[in-house]
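Under the UniProt record's numbering, think of the first position of the sequence shown as 1, with each following residue one higher.
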Amino acid sequence: MPTKKKPEVTAVPERRRELLDTAAEVFAEQGYNATTVRKIADHAGMLAGSLYYHFDSKESMLEEILRTFLDELWDGYDAVLDADLGPRETLEALVTESFREIDRHRSAVAIYQKESKQLAPQERFAFLVESQRKFEKAWLSTLERGVAAEVFRADLDIRLTYRFVRDTVWVAASWYRPGGQHSPEEIARQYLSMVLDGIAVRE
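Here is the structure:
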């Protein structure tokens with residue numbers, strides 16, 4: 001019967017996702033240059049030749065891993081930026097969305113942090129440069145709005161503040177483990193409590 005083939009149709013995309021998850025873990029742990037297709041296949045419990053049924057190279061795997069992460073990140077960020085929130089609420093929402101993405105894509109975040117500088121000059125990874133440009137613009141404009149509205153302190157250098165907030169949020173990928181004691185939202189709440197005491201205008 002035709003209906004018996006349906007599980008096979010869905011099995012390929014599901015297996016593809018599993019292989020990308022495995023590849024992301026190996027890239028994050030061993031580094032992109034040190035990772036071979038054979039290493040990924042070994043971790044996936046399959047022959048290297050079988051991996052080529054799903055992907056033509058490790059570069060294509062890495063590209064899909066990073067594009068998926070960044071596409072989801074920007075879906076969340078764009079929703080925040082389009083919500084017409086005040087600057088403090090926008091900052092809070094961006095931080096919360098960032099921790100959610102670390103929860104969903106911890107390995108991809110680690111790869112992005114370690115490898116994006118060397119990957120960006122390559123044509124197939126040029127999207128990393130555009131994403132970084134958008135990222136910086138979104139955060140800087142939020143901080144600038146906050147200073148103009150006297151919500152954030154005017155005596156702090158905007159770019160230093162941006163770099164501090166950016167780096168202290170995303171470094172969480174190095175220690176955060178999904179399913180741990182705190183949810184992404186709880187980590188974001190505690191992080192914001194600490195940060196905003198430093199950059200918010202005191203009543």
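Yeah, the Cβ is synthetic: ideal placement off N, Cα and C, and Gly gets one too.
In this text, all values refer to a predicted model and were calculated from it rather than measured experimentally.
Closest Cα partner of residue i within the set the options
i	options	result
H105	N33, V195, E92 and L73	L73
R17	F55, E130, L143 and Y77	F55
L66	Y191, E130, P178 and T90	E130
Y52	L20, D157 and V80	L20
L94	D155, V37, P178 and L143	L143
Q122	E63, D155, E97 and V80	E63
S193	T96, A44, A23 and G180	T96
A44	M61, S57 and A23	A23
R15	T35, S57 and M46	M46
L70	P13, K134, W175 and S50	K134
Contacting residues, own chain, Cβ-Cβ under 8 Å from residue i (five flanking each side not counted)
i	result
E136	Y162
R88	G146, V151, F152, L196 and A200
T3	Bear in mind that the predicted position of T3 carries a pLDDT of just 47, short of 50, making it unreliable; the figure below should be weighed with that in mind. Taken in chain order, the list of residues that qualify is empty.
K39	V26 and Q30
A126	A120
T68	L20, H105 and A108
Q190	H182
Where residue i falls: helix, strand or coil (DSSP)
i	result
F135	helix
D56	coil
I191	The identity of residue 191 in the sequence shown is Tyr, whereas the question assumes Ile. Here Y191 sits in helix by DSSP.
P2	Reliability of the predicted coordinates at P2 is poor, the pLDDT of 45 falling under 50, and the value obtained from them is presented with this limitation in mind. Three-state DSSP puts P2 in a helix.
T35	coil
H182	coil
Q122	coil
W175	coil
D82	coil
H105	coil
D21	helix
P46	First, the amino acid is wrong: residue 46 is Met here, not Pro. Correct three-state label for M46: coil.
D71	helix
Test item: CB-CB of residue i and residue j under 9 Å
i	j	result
L128	R159	no
V169	F99	yes
G31	E101	no
E25	S107	yes
Y77	A138	yes
V171	Q113	yes
A188	G86	no
Counterpart residues of residue i in DSSP-defined beta bridges
i	result
F127	DSSP, once it has assigned bridges, lists no residue as partnering F127.
Neighbourhood of residue i by C-beta, 6 Å cutoff - its chain only, sequence neighbours within 5 removed
i	result
E59	none
residue 221	For the chain, the structure presents residues 1 to 203; residue 221 sits outside this window and is missing.
A173	I102, R106, V109 and A110
A120	L128 and V129
L91	T142
M61	A23 and F55
Cutoff 7 Å; reference residue i; Cβ partners in own chain excluding five residues on either side
i	result
H182	none
A48	V37, R38 and A41
T35	V26, F27 and K58
Min CB distance residue i to chain D below 9 Å
i	result
L66	Given the protein chain composition of this structure (a single chain), no chain D is represented.
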